[in-house]
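Numbering (my numbering), first residue to last: 1 to 172. Even glycine gets a Cβ: it sits at the ideal position worked out from N, Cα and C. On a predicted model such as this, the values are computed, not experimentally measured, just so you know.
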Ligand code: MG
């Protein structure tokens, strides 16, 4: 095996995020605006799903988290689309010569209903992540009325991402 064609190592990253509901903002999940009387609070558009996916991608290549790369003290990021943050994360992945294989995720929300919007989210994320919608899992569950999600105080999201990366450690 030549060093120019090293074996590819599969690496997986994990992401978790949560944002509180707030009045007067649109609800953006997976880059799609969802009809809702309330949105999520945050420095960016507060797209909790994109943030969890971003942390999964960064974790897969051993990078620090989304808050390090895009601090909420940066005024240039105020109100920014989290799809743009994901685009920037994909640039970070390209610096690691990482090829994204798949993403899976779960949204945890008591309301509104997520499932009618999942296909639109997958399509939007597919454009940014450069993989087929078939390789982007988006599932939704409630928290069975328990805890902060159960009280409809906010929405949580979990994600995993797997990348293939040149195995520089054992190129033989
Ligand atoms: Mg966040």
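Run the Cβ filter for me: residues under 7 Å from any heavy atom of the ligand MG, listed in the order they occur in the chain. 17, 19, 42, 46, 48, 51 and 66
Helix, strand or coil at residue 119 [DSSP, three-state]: helix
In whole angstroms, what separates the C-alpha of residue 23 from that of residue 38? 5 Å
Where residue 101 sits in the DSSP three-state scheme: strand
For residue 33, which of helix, strand or coil comes out of DSSP? strand
Tell me whether the beta-carbon of residue 120 lies closer than 8 Å to the beta-carbon of residue 48. no
Pick helix, strand or coil for residue 131, following the three-state DSSP scheme. coil
Look at the alpha carbon of residue 170 and the alpha carbon of residue 79, and state the distance between them as a whole number of angstroms. Because residue 170 carries a pLDDT of 48, less than 50, the predicted location of this residue cannot be relied on, and no value is offered for it.
What is the residue span of the alpha helix (DSSP H) that residue 87 lies within? 82-95
Exposure of residue 68, with buried meaning 16 or more beta-carbon neighbours within 10 Å: exposed
Among 15, 8, 76 and 44, whose alpha-carbon lies nearest the alpha-carbon of residue 159? 15
Would DSSP call residue 59 helix, strand or coil? helix
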